[in-house]
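Chains A and B, in that order, are what the protein sequence lines are. Per our numbering, residue 57 is the first one in the first sequence, and the count goes up by one each step. Per our numbering, residue 57 is the first one in the second sequence, and the count goes up by one each step. Ideal Cβ positions, reconstructed from N, Cα and C, are used throughout, including at glycine. Nothing here was measured: the structure is a model prediction, and the numbers come from that model. Report on one structure; see the data block that follows.
2 protein chains.
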Amino acid sequence: MSSSREPLTRARIVDAAVRLIEREGVEAVSMRRLAAELGAGTMSLYNHVPNKAVLVDLAAERIMAEARPYHVDSDDWRDHIRAHAHAVRALARQHPRAFVMLATRRLSSEAGFRTIEIGLMNLDKAGFRGKIAVGMMRAMVSYLLGTLMREVATSPELGGIALSPYEGVDMSAFPLSAEVLDELGTYDHDHEFEFGLELMIAALERYQED
Amino acid sequence: MSSSREPLTRARIVDAAVRLIEREGVEAVSMRRLAAELGAGTMSLYNHVPNKAVLVDLAAERIMAEARPYHVDSDDWRDHIRAHAHAVRALARQHPRAFVMLATRRLSSEAGFRTIEIGLMNLDKAGFRGKIAVGMMRAMVSYLLGTLMREVATSPELGGIALSPYEGVDMSAFPLSAEVLDELGTYDHDHEFEFGLELMIAALERYQED
DNA sequence: ACCCTCCTACGTACGCCGTACGTCGCAGGG
DNA sequence: CCCTGCGACGTACGGCGTACGTAGGAGGGT
Chain A
57 MSSSREPLTR ARIVDAAVRL IEREGVEAVS MRRLAAELGA GTMSLYNHVP NKAVLVDLAA
117 ERIMAEARPY HVDSDDWRDH IRAHAHAVRA LARQHPRAFV MLATRRLSSE AGFRTIEIGL
177 MNLDKAGFRG KIAVGMMRAM VSYLLGTLMR EVATSPELGG IALSPYEGVD MSAFPLSAEV
237 LDELGTYDHD HEFEFGLELM IAALERYQED
Chain B
57 MSSSREPLTR ARIVDAAVRL IEREGVEAVS MRRLAAELGA GTMSLYNHVP NKAVLVDLAA
117 ERIMAEARPY HVDSDDWRDH IRAHAHAVRA LARQHPRAFV MLATRRLSSE AGFRTIEIGL
177 MNLDKAGFRG KIAVGMMRAM VSYLLGTLMR EVATSPELGG IALSPYEGVD MSAFPLSAEV
237 LDELGTYDHD HEFEFGLELM IAALERYQED
């Protein structure tokens with residue numbers, strides 16, 4: 057193992073953790089396994105990282121920091137909000153196995169504020185400021201968090217929240233559901249994301265009129 | 057231990073699991089501990105439950121089934137949607153330590169369809185049917201899932217997604233955030249939930265006009 | 001009355017886990 | 001030359017889920 061010659065570093069350890077998380081999910085991460093992957097003794101990791109929880113935090117921050125900057129070629133605030141939402145979605149889709157972990161964890165302040173600031177700028181363009189802008193941003197975050205949880209944590213092997221409609225349920229008790237059973241069993245995540253996003257934007261526009 | 061005389065039952069085991077989850081969270085659940093709590097041998101549990109994952113599923117379903125029916129005294133579809141959203145929120149707040157688990161798990165079909173059917177009924181009242189109603193319901197679910205994740209998984213000891221703004225970040229790089237720093241550090245979950253909910257309803261109303 | 005079957009309870013053991021602690025070897029400075 | 005300090009590592013403890021084997025009792029058939 058060539059890598060076993062390199063000295064152990066916090067960076068190398070976090071790297072390995074991120075790779076492992078992306079490949080097999082957080083629950084696959086263990087100190088022993090990580091050490092083995094690095095060709096090192098288990099306890100050597102503790103010279104660089106105080107414990108597993110911190111290590112996972114560091115991995116989460118590293119993934120968060122990967123968020124790509126993006127450029128929008130438009131003056132319409134709607135396009136900026138759309139671009140921002142798509143960027144968040146892209147991050148979630150690049151790291152499906154890490155998303156729940158990220159969503160459940162306290163954001164690192166730096167990356168958090170970068171995102172918040174962008175959100176506030178976009179709402180500012182739409183004419184929303186101060187308290188109300190914060191409320192709207194939070195509603196947007198909630199929507200994004202929710203859809204992406206549904207999209208990304210939905211694939212069966214990740215253990216998701218999807219409904220699996222055809223499991224011996226007596227549908228006669230649920231007439232309206234029965235009518236749209238096909239829709240309920242189908243997921244077009246692109247389309248759903250777009251639909252919900254436009255719904256949110258429509259809501260903002262409505263507030264703009266007052 | 058008086059309870060150790062009772063015969064072991066699936067129901068008794070699931071009950072104990074639910075209690076433990078509510079008291080200390082899913083991660084505190086272990087077969088050994090559960091058995092000890094029931095005054096039984098660890099392996100005896102396996103006569104009633106195939107493995108821990110299924111046991112946790114059963115506990116999740118049991119909690120889900122606790123959802124209280126509610127009555128709305130109004131003809132306005134908005135009030136029905138509000139009531140439904142509040143019911144979901146109440147469930148989440150009654151089981152904060154279980155919510156992330158519930159949100160991450162495949163819903164039991166029965167309870168799932170009950171909720172879906174109510175959602176579809178409410179949207180039907182507003183004049184939305186078929187595919188578009190499904191889309192709207194999913195957007196609502198996303199919003200609810202998101203806000204409630206933020207609300208319920210936010211308390212520090214549960215390891216949440218809240219921002220904690222005052223941690224040596226150079227705010228001069230984030231002027232808009234700096235302006236509303238107080239807002240960002242404050243959480244009024246009642247108010248935020250209501251605000252986001254009205255935002256969603258406003259969006260639906262807008263679609264109604266077309 | 002007998003036995004046979006089946007179900008439940010339980011003990012043991014294996015292979016994982018996180019990590020406290022102690023030791024060893026080596027690099028650097030005096 | 002030795003001393004100090006630090007990184008790497010082995011061992012060990014107490015936890016975990018669960019495969020497997022056994023023992024005991026309850027119920028039914030004869």
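| Check | Outcome |
| --- | --- |
| Neighbourhood of GLY186 of chain B by C-beta, 8 Å cutoff - its chain only, sequence neighbours within 5 removed | none |
| Nearest-angstrom Cα separation, counted from HIS127 of chain B out to ILE77 of chain B | 29 Å |
| Minimum Cβ-Cβ distance from MET157 of chain B to chain A less than 8 Å | no |
| Distance, SER130 of chain A Cα to ILE174 of chain B Cα | 41 Å |
| Sequence-distant residues of the same chain with beta carbon closer than 7 Å to LYS181 of chain A, five excluded per side | TRP133 and HIS136 |
| Contacting residues, own chain, Cβ-Cβ under 7 Å from LYS108 of chain B (five flanking each side not counted) | MET87 |
| LEU204 of chain A vs ALA148 of chain A beta-carbon contact at 8 Å | yes |
| Nearest residue (CA-CA) to ARG118 of chain A, options A:ALA143, A:THR98 and A:MET157 | A:MET157 |
| 8 Å Cβ cutoff, ARG145 of chain B in contact with chain A | no |
| Chain-order list of residues whose beta-carbon lies under 6 Å from that of ALA154 of chain A (same chain, five-residue window excluded) | ILE77 and ILE119 |
| Short CB-CB distance (under 8 Å) between MET256 of chain B and chain A | yes |
| Interface partners of VAL236 of chain B on chain A, CB under 8 Å | LEU176, GLY186, LYS187, ALA189 and VAL190 |
| Candidates B:MET99, B:ALA195 and B:LEU201, of which the one nearest GLY252 of chain A by Cα | B:ALA195 |
| Under 8 Å by beta carbon: chain B residues contacting TYR126 of chain A | What TYR126 of chain A touches in chain B: nothing, since even the nearest Cβ is about 18 Å away. |
| Neighbourhood of LEU176 of chain A by C-beta distance below 7 Å, restricted to the same chain and skipping five residues each side | ALA189 and MET193 |
| Proximal residues to ALA234 of chain A (C-beta, below 8 Å), its chain only, five neighbours per side dropped | MET227 and SER228 |
| Nearest neighbour of HIS140 of chain B, chosen from B:ARG262, B:GLN264 and B:PHE249 [CA to CA] | B:PHE249 |
| DSSP-derived helix/strand/coil call for TYR263 of chain A | helix |
| Proximal residues to VAL70 of chain B (C-beta, below 6 Å), its chain only, five neighbours per side dropped | LEU114, ALA115 and ARG118 |
| Chain A within 8 Å of MET205 of chain B, Cβ atoms only | yes |
| Candidates B:ALA123, B:PHE169, B:ARG66 and B:LEU90: closest to VAL236 of chain A by CA position | B:PHE169 |
| Alpha-carbon to alpha-carbon, TYR199 of chain B and ILE172 of chain B | 15 Å |
| Where HIS247 of chain B sits in the DSSP three-state scheme | helix |
| Cβ-Cβ distance between ALA167 of chain A and ALA121 of chain A below 8 Å | yes |
| Same chain, Cβ closer than 6 Å to VAL144 of chain A, neighbours up to 5 away in sequence not counted | LEU200 |
| ARG66 of chain A versus A:ASN178, A:LEU90, A:GLU83 and A:ASP244, residue with shortest Cα-Cα distance | A:LEU90 |
| Where the alpha helix (DSSP H) through GLU122 of chain A begins and ends | Here GLU122 of chain A belongs to no alpha helix (DSSP H), and DSSP marks it neither H nor E. |
| Interface residues of chain A facing GLY241 of chain B [CB-CB closer than 7 Å] | What GLY241 of chain B touches in chain A: nothing, since even the nearest Cβ is about 10 Å away. |
| Counted within 10 angstroms of its Cβ, other Cβ atoms place ARG75 of chain A as buried (16 or more) or exposed | exposed |
| Coil, strand or helix - GLU62 of chain B by DSSP | coil |
| For HIS151 of chain B, the nearest candidate out of B:GLU261, B:LEU179, B:LEU101 and B:GLU80 (CA to CA) | B:GLU80 |
| Cutoff 8 Å: ILE77 of chain A Cβ touching any chain B Cβ | no |
| Within chain A, partners of ARG66 of chain B - CB distance below 8 Å | Per Cβ cutoff of 8 Å: no residues; ARG66 of chain B is ~20 Å from chain A at best. |
| Residue-chain proximity (GLY252 of chain B, chain A), Cβ-Cβ < 8 Å | yes |
| Where the alpha helix (DSSP H) through PRO231 of chain A begins and ends | 231 to 235 |
| Residue range of the alpha helix (DSSP H) that includes ASP135 of chain B | 133 to 150 |
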